[in-house]
Structure formats: structure tokens, C-alpha cells
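Before any comments, here is the structure.
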Amino acid sequence: QQRRIDLSASGAAQGACLFVFETCLGEESSRLSVFVFCCSVPTVPVKNLNGSSPVHPALAGITGILMSAAALPVCLTRPPKLVLHPPPVSKSDIKPVPGFNHCCRKTTKKQTRKGKTPEEVVKKYLQKVKSPPEEDCTICMEPLGGASGYKGPGVTPVSRAESVGRLAQCGHQYHFQCLVAMYNNGNKDGSLQCPTCKTIYGVKTGNQPAGKMEFHVIPHSLPGHPDCKAIRIIYNIPPGIQGPEHPNPGKPFTARGFPRHCYLPDSERGRKVLRLLLVAWDRRLIFSVGTSSTTGESDTVIWNEVHHKTEFGSNLTGHGFPDPGHLDNVLEELRAQGITEEDAQTEK
Numbered sequence: 001q002q003r004r005i006d007l008s009a010s011g012a013a014q015g016a017c018l019f020v021f022e023t024c025l026g027e028e029s030s031r032l033s034v035f036v037f038c039c040s041v042p043t044v045p046v047k048n049l050n051g052s053s054p055v056h057p058a059l060a061g062i063t064g065i066l067m068s069a070a071a072l073p074v075c076l077t078r079p080p081k082l083v084l085h086p087p088p089v090s091k092s093d094i095k096p097v098p099g100f101n102h103c104c105r106k107t108t109k110k111q112t113r114k115g116k117t118p119e120e121v122v123k124k125y126l127q128k129v130k131s132p133p134e135e136d137c138t139i140c141m142e143p144l145g146g147a148s149g150y151k152g153p154g155v156t157p158v159s160r161a162e163s164v165g166r167l168a169q170c171g172h173q174y175h176f177q178c179l180v181a182m183y184n185n186g187n188k189d190g191s192l193q194c195p196t197c198k199t200i201y202g203v204k205t206g207n208q209p210a211g212k213m214e215f216h217v218i219p220h221s222l223p224g225h226p227d228c229k230a231i232r233i234i235y236n237i238p239p240g241i242q243g244p245e246h247p248n249p250g251k252p253f254t255a256r257g258f259p260r261h262c263y264l265p266d267s268e269r270g271r272k273v274l275r276l277l278l279v280a281w282d283r284r285l286i287f288s289v290g291t292s293s294t295t296g297e298s299d300t301v302i303w304n305e306v307h308h309k310t311e312f313g314s315n316l317t318g319h320g321f322p323d324p325g326h327l328d329n330v331l332e333e334l335r336a337q338g339i340t341e342e343d344a345q346t347e348k
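For reference, each letter of the sequence shown is one residue, going 1 to 348 in full-length UniProt numbering.
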């Protein structure tokens, strides 16, 4: 939003007047006041940059100030409009995503895994080390040749021959007791993640609360993808009570901003990303319960490091289109959660 204030003074130079443009920068309600001298010579328009942040209108104003200093009058244009949602879509225009035999996925409460102790899980992914190297365990920061620095509960004593182990795939070495303690402090889902290189052993799952994921094709194109329609994903998670896998078991958690609408291009690559997002949803990795980075609210449902586009027709917040690298970035983020393109072949 902009408003123009006439600050002409009787002592001003003839043919010149002073205006103040106050620009409201989105939801943050910050204001930028730009003082512009408008003279009789033709003005030079300074248009807002097409970008992904509400800061860009401010950049246009700063450009205007610099040009004013160079004796070039300026004219600021209105900032682009935020477009979060597509035009209204009738039910008859909503179509299934090609190649998918369903359009909805639900998750329920966590299913407990029985039969394996933390020690058994850790041993499954370790190789024995007869002669530990002369370096520190990066978990407890104590020498690998000595005892584990972890002294807490839940870890049973081990023989010297089993005190250090090497993770089979990546080769990083740790105290066995440190790995058990790390596992106990996590989701205890039967998987283990190397704290050094983040290699995942087993199938990683999260603590996403129960909810519903819907997806379909709408007859509109996303900016930057004019040759295809758009996939709309709708996530819906209600508030509830935290379980044993959450930060504060037994305490209520909130769920702000649901249902949340997200968008992908209905292209071959966009559908591949959708298949992997379904795998992530089933493994409860799309959302988590924690502290919001935007509001500071604790015990609330938050995104879990897999970025989504929630802005349909613009990119003022950085969560919209066009963004040529978005699909590649999402694939990389899913890979960091242990979900690869091979998983897309099993998802239908």
C-alpha cells in the first residue's frame, strides 16, 4: 500500500514540489518513507523488481533516492500484488493427478515398533573396530580409545571390544554408548542417522500429528510454467494432544493456518515430487511439533525442512512462482530425509 503526501513549501524552488511516498511492506507493517523531488523535466520510472521478498519495493525506493541525488527525478510504481490463491475453481474442473489412482492420504497416530532394544538397533548398523583411531568421538568429544563421555541413564555397560563401532555405509566411528544415547534421544523408530554426514540407516520417520493430505489438478497455470496446469495440495491437521514422540507428551499442541494450500506444476517432474511428498507424508516427515520460527509459538505444528510453495500467482514472500530451482531443491531436501527417487517408483 502506498500513499502520497504533498509537502510543498512556499520557500521551495519554483516548479518543484516535495512528495513523500510511504510504502507498507507486507505483513511486517514496516514503513519506508521516500522523499522525491519532482521537477518539470520528464520523470524516469523506477519499477519494482520482480522477486521473492517484500523488500523489493524498498529497493525500488532506494533506487529512486539515488537517482534523485543525481538530479534525475523519479516516479515510483505501485508494488506487485500478493496472489496466494488461484481464481475460484468449480468441482467439475478439479481433476485427478494423471498417474495417481487416489487423491487423498491420511495418517494416524504413531504405530509403536516392538521387539528391538536401542542396543539391538544400533548394533544392526555398526561394524566392530579392533583398534580405534587416535581421534575424538564427535558425539561426546572424548577420545575413541577411552570410555564414552556419556554418563546418563539408559545405556548398559559394554565390553572394550564393543566400545567403538564404525557405521557400515559412511565409515564414521563413534562410541557405541554415545550412539545408543543419541538413538534414545530421537524418535526411536528403528532408524539411525550419522551425526557427521547425515547418512540415514533404516527408514526414518518423524512425529507429524495425524491429518489428511489431498491433491488434484486445477485448470490454471503457475507463473513460470505456462505449458501445464497446476497441482494443488491441501494439508489439514487438527490441534490435539502431544504423544510420547513429541517435545511435551500429554500437553496440547496448536495447528495454525490449516488447511494449508500448496502448489506444484502438473509436469512429469512435478508429479515425481508429488510421489515423494506422499512417501514423506506416510513417514510423518512433512510437519513436526515444535516452536514456530515466524511467531515464536511453542507446541505448535510447523514445517519440517521440506519447502512448499504456498503462494499461487506471485512470489512476494519467497514461497511462490516463478522459481526455476524449486523442484530440484525439494528433491534434495527429501533426500536429506532419506527419501530418494527410487521411492517414487513404489508410490502410486
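Positions of the beta carbon are idealized from the N, C-alpha and C atoms, including for glycine.
Query	Result
Taking the alpha-carbon positions, what's the K280 to I286 distance?	At residue 280 the sequence reads Ala, which differs from the Lys that was named. Approximately 6 Å between the Cα atoms of the pair.
Under the assumption that E333 contacts H307 (Cβ atoms under 8 Å), give the Cβ distance between them as a whole number of angstroms.	6 Å
H172: which of T108, I139, P265 sits nearest, CA to CA?	I139
Here's a check: name, in chain order, each residue in its chain whose Cβ is nearer than 8 Å to the Cβ of V158, leaving out the five neighbours to either side.	F176, Q177
Mind pulling the alpha helix (DSSP H) runs of 4 or more residues that sit fully within the region 194-260?	none
Which residue marks the beginning of the beta strand (DSSP E) containing F176, and which one marks its end?	Not the beta strand (DSSP E): F176 falls in the alpha helix (DSSP H), residues 176-184.
Spatial neighbours of V273 within its chain, please: C-beta separation below 7 Å, excluding the five flanking residues on both sides.	L264, L327, V330, L331
Apply the 10 Å Cβ neighbour rule to G338 and answer buried if 16 or more other Cβ atoms are within range, or exposed otherwise.	buried
With a cut-off of 8 Å on the beta carbons, I'd call F215 and C103 a contact; round off their distance for me.	6 Å
If you pair each beta-carbon of the region 116-126 with each one of the region 209-224, do three or more pairs fall below 8 Å?	no
Considering Cα atoms alone, identify which of I237, P249, N248, P247 is closest to R256.	I237
Tell me the rounded alpha-carbon separation between K188 and P249.	15 Å
With the cut-off set at 8 Å, would you say I94 and I218 are in Cβ contact?	yes
Which same chain residues, not among the five before or five after P132, have their C-beta less than 6 Å away from its C-beta?	L144, G145, V164
Express the C-alpha separation of T196 and L84 in angstroms, rounding to a whole number.	39 Å
With V97 and D266 assumed to form a contact (beta carbons below 8 Å), what rounded beta-carbon distance in angstroms separates them?	7 Å
Under the three-state reduction of DSSP, which class applies to S90: helix, strand or coil?	coil
Mark P204 as exposed unless 16 or more other C-beta atoms lie within 10 angstroms of its C-beta, in which case mark it buried.	Contrary to the premise, residue 204 reads as Lys rather than Pro in this sequence. Flag for K204 reads buried.
Can you tell me where the beta strand (DSSP E) with K106 in it begins and where it stops?	104-107
Who does K128 pair with in a DSSP beta bridge?	G165
Comparing the CB of D266 with every heavy atom of the ligand PLP, is any distance shorter than 7 Å?	Here there are no bound small molecules, and the ligand PLP is not part of this structure.
Just checking my contact of N207 with V289 at CB under 8 Å: how many whole Å lie between their CB atoms?	6 Å
Name the two residues that bound the continuous beta strand (DSSP E) containing V83.	Neither: V83 is in no beta strand (DSSP E) and is coded neither H nor E.
Do the CB positions of F312 and P86 come within less than 8 Å of each other?	yes
Taking the CB atoms as reference points, tell me whether Y201 and Q169 lie closer together than 8 Å.	yes
Which residue from I302, S298, R283 puts its Cα closest to that of K251?	S298
Excluding the five sequence neighbours on either side, which residues of its own chain have a C-beta within less than 8 Å of the C-beta of L179, listed in chain order?	V122, L126, I139, G165, L192
What is the residue span of the beta strand (DSSP E) that G290 lies within?	287-290
So, is E245 buried or exposed, given that buried needs 16 or more other C-beta atoms within 10 angstroms?	buried
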